[in-house]
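Report on one structure; see the data block that follows.
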Amino acid sequence: MVWLGVSYYGLTEVNFFEKGVKTSATVYQETVLYRLVKDISSTLFAGHHFVFQQDSASAYKAKTTKAWFERQNIVLIRHEDWPSSSPDLNPLDQKL
Numbered sequence: 504m505v506w507l508g509v510s511y512y513g514l515t516e517v518n519f520f521e522k523g524v525k526t527s528a529t530v531y532q533e534t535v536l537y538r539l540v541k542d543i544s545s546t547l548f549a550g551h552h553f554v555f556q557q558d559s560a561s562a563y564k565a566k567t568t569k570a571w572f573e574r575q576n577i578v579l580i581r582h583e584d585w586p587s588s589s590p591d592l593n594p595l596d597q598k599l
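All you need for this note's numbering is the position in the sequence shown, starting with 1, plus 503.
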């Protein structure tokens with residue numbers, strides 16, 4: 504699996520997961536989100552407000568992941584509020 508974030512201000516670091524690694528909520532929070540927030544809050548979004556959007560993967564929808572975002576004071580668009588197949592709003596799903 505590959506994880507990458509896209510924004511108006513640029514791209515996040517690409518995160519590669521080894522083949523066969525199950526991306527649990529814990530793995531997602533500890534390997535992607537922790538690094539992501541540390542990196543983008545001080546560089547990519549320094550001084551800017553941002554809203555985080557993710558798809559409906561089980562690790563992303565987990566209660567512990569939602570709680571993680573709340574603890575970090577990051578606004579999260581719920582997956583229920585995001586169109587699942589829009590090429591305009593999900594560019595990586597359409598191009599990778």
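Each residue gets a CB set at the ideal place from its N, CA and C atoms; glycine is no exception.
From what residue to what residue does the beta strand (DSSP E) around residue 555 run? Unbroken beta strand (DSSP E) run through residue 555: 554 to 556.
Measure how close the beta-carbons of residue 571 and residue 532 come, nearest whole angstrom, since I'm counting them as under 8 Å. The pair is a contact, with the Cβ atoms about 5 Å apart (cut-off 8 Å).
Which class does residue 530 belong to by DSSP, given the choice of helix, strand or coil? Looking at residue 530 - three-state DSSP - the assignment turns out to be helix.
Can you check whether the CB of residue 542 is closer than 8 Å to the CB of residue 516? Against a cut-off of 8 Å, the Cβ pair of residue 542 and residue 516 comes out as a contact.
Residue 550 classed as buried or exposed, judged by whether at least 16 other C-beta atoms fall within 10 angstroms: Result: exposed.
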